[in-house]
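Reading through the structure tokens given below for one structure.
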């Protein structure tokens, strides 16, 4: 398998996108360690192989460093860190307390920095890589999630700077995600009809699956991407369906 014997850490890897990423790495042959504040509802597994889980608060630098040292010491190496943990509830900027927005930035920008710094000594030894999980919210207006969008924009900038500073030992790249279908999609898009309607606004005709993100992450961590660093790879199905396509369809029907 492509990543046979490699060791990968996925933060926030117990559900949703993170669990999908972890499963893709397991299927590629890697040993996977996931961390999050809450344990998975069911073990994260693929092809009869299971990811280990450790409870970690990514805001605690000492706990984060201990986690990475323990994982790397147990396996004798660390090859990739996927900084997936993040997210935010919908809240207009003017209606949220400063403390709320500070927590959003801490989780989505400062926590990946903390994890990357803890992983760096081990990644340098293996000439490994970091994969940041970004968002299209960092590249366009993000009303209702402004602090999140600002943090994700900062994450892309951080990754580009890290790619320069940490070369040639460590590669650093970002996956810029659009909408992804997870077990919590109903909270954002409603029932299956609503999810399908939202998916129809994407040029490829559907929301991404967590496995779509996972396969892209595996690629960036693999030797096939050995000359890719400082890149931001769009995983968004083409973005939003251009308005002229809808207009063309209407004209054709007329």
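In our numbering, the protein residues as written are 136 to 389. Just so it is clear, CB atoms sit at the ideal spot from N, CA and C, and this is done for glycine as well.
Which of the three DSSP states, helix, strand or coil, is assigned to residue 324?
If DSSP states are grouped into helix, strand and coil, residue 324 belongs with the helices.
Under three-state DSSP, which class holds residue 186?
If DSSP states are grouped into helix, strand and coil, residue 186 belongs with coil.
Spatial neighbours of residue 246 within its chain, please: C-beta separation below 7 Å, excluding the five flanking residues on both sides.
Answer for residue 246: 193, 194, 220, listed in chain order.
When you compare only the Cα positions, how much space is there between residue 183 and residue 235?
Computed Cα separation, rounded: 40 Å.
In the DSSP assignment, what residue or residues form a beta bridge with residue 308?
The partner list for residue 308 (beta bridge, DSSP) reads 266.
For a minimum of 4 consecutive residues, which ranges assigned as the alpha helix (DSSP H) are wholly contained in the segment 138 to 184?
Those alpha helix (DSSP H) runs which fall completely within the segment 138 to 184 and span 4+ residues are 151 to 162.
Does the Cβ-Cβ distance between residue 268 and residue 306 come in under 8 Å?
Cβ atoms of residue 268 and residue 306: not closer than 8 Å.
Ignoring anything shorter than 4 residues, give me the alpha helix (DSSP H) runs that lie fully in the segment 206 to 242, in order along the chain.
Correct list: 233 to 240.
Among all the DSSP beta bridges, which residues are the ones paired with residue 193?
Residue 193 pairs with nothing; no bridge assigned.
So residue 368 is in the beta strand (DSSP E); what residue range does that whole segment cover?
Residues 367 to 370.
Anyone know if the C-beta pair for residue 171 and residue 140 falls short of 8 Å?
No. Outside cutoff.
Using a 10 Å radius around the Cβ and a threshold of 16 neighbouring Cβ atoms, would you call residue 209 buried or exposed?
Exposed, by the Cβ-count rule.
With a cut-off of 8 Å on the beta carbons, I'd call residue 334 and residue 342 a contact; round off their distance for me.
Residue 334 to residue 342, Cβ: 5 Å. Contact.
Using a C-beta cutoff of 8 Å, does residue 144 count as contacting chain D?
Included in the structure is just one protein chain, with no chain D present.
Measuring CB atoms only, is the segment 291 to 310 touching the segment 158 to 175, in the sense that at least three cross pairs come out at less than 8 Å?
No contact exists between the segment 291 to 310 and the segment 158 to 175.
Run the CB neighbour count on residue 150, radius 10 Å, all protein chains shown included, and call it buried at 16 or more, exposed below.
Flag for residue 150 reads buried.
How about the segment 211 to 227 and the segment 278 to 288: do they share at least three Cβ pairs that are nearer than 8 Å?
Touching, per the Cβ criterion.
Please state if the CB of residue 352 and the CB of residue 240 are separated by a distance shorter than 8 Å.
Not a contact, by the Cβ cut-off of 8 Å.
For residue 367 and residue 275, what's the separation of their Cα atoms in angstroms?
So the two alpha carbons sit approximately 15 Å from each other.
Less than 6 Å between C-beta atoms, sequence neighbours within five positions excluded: which residues of the same chain meet that for residue 339?
If we look at residue 339 and ignore the five residues flanking it on each side, its Cβ neighbours are 372, 373.
Could you tell me which residues DSSP puts in a beta bridge with residue 333?
DSSP lists no partner for residue 333.
If the criterion is Cβ atoms closer than 8 Å, does the pair residue 258 and residue 213 meet it?
In this structure, residue 213 lies closer than 8 Å to residue 258 by Cβ.
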